[in-house]
Amino acid sequence: MKRPFVTLCIFLFVGIMISYLFSYSISIYYVIFSILFVLISFLMYGKGFNTFFMLAIMVLGVYLYGQSVTGDRLLGMSTRSSIIKAKILKEASPKKGYSEYEVKIICIFADENSRGIRISQKSQLNIYQSSAENYTFAVGDIIEIRNANVRKLLGNCEGDTEDGYELFLKSKGLGHILNVNIKDVKKIDIDFGCADMLGRSYKAKIYLEDFLDSTLDFENSNVLKSIIFGNQGYLSREKLDIFSRTGTAHIMAVSGLHVGLVALVADRFLRLMDIGKNRRLYLVTATLIFYGYMVYFPISIVRAGAMYLLYVAAYFLQKRYDSINALFFIGFILLVYRPMIIFSVSFQLSFMATLSILLLNPILNEKLNKIMGPLSPLVSITLAAQIGTFPIMAYHFNQISLISLVTNLLIVPIISPMLSIMFVSVVVGTISFRLGFFINRITNNLLNYINWITTKCAVIPYGNLEVKGIGPVHIFSYYTILGIVYFLLCKEDCLKEERPVKIYEL
């Protein structure tokens, strides 16, 4: 097979969806039996290996999804009298009446006198407190939890009763929700040393937030922090609505665009220091890993970062880098590791946007080049991504921006130089705050431009289309028709020639 992971990923996806749609789970023995059947068939007949192997992969998908729903250690061990020891993985997200944390359960005690049982399981922790109580825990804190109400996600596996929010949490690798009062939680230790990457990245994030708050206007600082960290919590509901209506909200969600920009900015900076290509690749990779820790490795970062690592590996091994096969390889690994990731909106958008860009961009760019000249690459990439993600956006958000092509053309090109200037100002600011402040005024003016464009475009009549009633059948039909159109337009593989890898392919 020319691109084996395309087929592997599709059959694994089919197996996962069969298990999800029919609430069907199987034993590991079925997987072992199917693998043995494939081997015996190949040894005895020497034919049909590929067919049977793909069926075995589909069986594996059914098994993995069933395990991700039913697999549980924490729930069977915990009671109201249990004492749970956990590590804070992500800073608090304030909600009405409580704070939401992401934690890793590291130990559980049946009671005060029992020995602890070590486990490793990510969960969501909701700490309820009054408005007068404003205590928060920091990333890396080790906490002790008592009297927790532990609820297993997707505890009721009967099809329609599965809650969309719980599917979202499961797609992030979380297994339970722990509800507890602030008086039953106390900090007992902190788990960062100087060698702890999570601790270092968290401290760097705090420094960067403080620097941006000190050198930019209040609203501009919040916008830039949202762009860098992919956290829309910095923005007001009104501001978020403006970005959503103009189709530019994707710059606030950490994605392959961010990985490409971070890699580009880091590479430019290292070039100025006259560092050779091999060392630059190592240092850019290290920068991306550090950035991943800073934004808590959302799935889009994992996908894009892994593709960059495969590109680096192909360069050093002197092998041809196939972007499409690399994308499906990453998809296959992610689905094996965490089948529930298939329900992550971030995964769906990241995967489909990248795939549609890889497939459609060469065709669109060739068609538009004669009309739009130097603007054609940006237009074709934006258009390809929108075509690929249209049904997903309509299904999850019930609206489509009709002016997003224009707004993205006006905003996206300045993101890279803006981040480059900001990065220089941060580095210079460690030596001279005044000079860093002066440099960052350029960033502030660029952010003023972004705010002006989005605000003006958001009020354009009929710039946003409300879409309702989109279901799985519509999505399947859309991609089927799109696939047919693609193969009619391009019967030959338009990516088969060896060529330089573009930033959008990462």
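Quick note: the sequence shown uses this note's numbering, first residue 67, plus one each step. The beta carbon of each residue, even a glycine, is placed where N, CA and C say it ideally should be.
query: Where the alpha helix (DSSP H) containing Tyr273 begins and where it ends; result: Met263 to Thr281
query: Cβ neighbours of Val328 in the same chain (closer than 7 Å, five flanking residues each side left out); result: Thr353, Leu354 and Tyr357
query: Limits of the beta strand (DSSP E) - the one that Pro483 falls within; result: Not the beta strand (DSSP E): Pro483 falls in the alpha helix (DSSP H), residues Ser470 to Gly495.
query: Run of the alpha helix (DSSP H) containing Glu285, from where it starts to where it stops; result: Phe284 to Phe295
query: Option in Ala379, Leu282 and Leu393 with minimal Cα separation from Phe499; result: Leu282
query: C-alpha gap between Phe293 and Leu220, whole angstroms; result: Here residue 293 turns out to be Ile, not Phe, going by the sequence shown. About 32 Å.
query: Straight-line Cα distance separating Phe118 from Asn577; result: The chain is shown from 67 up to 572; residue 577 falls before or after that span and cannot be answered.
query: Of the listed residues His242, Leu471, Ser107 and Tyr552, nearest to Ser446 (C-alpha basis); result: Leu471
query: Any 3 or more C-beta pairs closer than 8 Å across the region 458-471 and the region 485-503; result: no
query: Exposure label - Ser153; buried when at least 16 CB within 10 Å; result: Just to set this straight, residue 153 is Lys in the shown sequence, not Ser. It is buried - the Cβ of Lys153 has at least 16 other Cβ atoms within 10 Å.
query: Span of the alpha helix (DSSP H) around Ile447; result: Ser442 to Phe463
query: Residues bridged to Asn215 (per DSSP); result: Asn245
query: Sequence-distant residues of the same chain with beta carbon closer than 6 Å to Gly502, five excluded per side; result: Ser491, Val494 and Gly495
query: C-alpha distance - Phe542 paired with Phe417, whole-angstrom precision; result: 16 Å
query: Cys223 in three-state terms, based on DSSP; result: At Cys223, the pLDDT of 49 sits below 50, so the modelled position is not reliable; the number obtained from the coordinates is stated separately. Cys223 falls in the coil class under three-state DSSP.
query: Spatial distance of Phe456 from Ile505 (CA atoms); result: 39 Å
query: At least three beta-carbon pairs within less than 8 Å, the region 520-534 to the region 305-315; result: yes
query: Whole-Å CB distance - Ile466 paired with Val533, under 8 Å assumed; result: 6 Å
query: Cα-Cα separation, Tyr403 to Asp333; result: 31 Å
query: Range covered by the beta strand (DSSP E) that runs through Phe175; result: Tyr164 to Phe175
query: Three-state secondary structure assigned by DSSP to Lys161; result: strand
query: Rounded straight-line distance, which links the Cα of Leu513 to that of Met488; result: 11 Å
query: Cβ contact check for the region 84-93 and the region 123-131: 3 or more pairs under 8 Å; result: yes
query: First through last residue of the beta strand (DSSP E) which encompasses Glu532; result: Asn530 to Glu532
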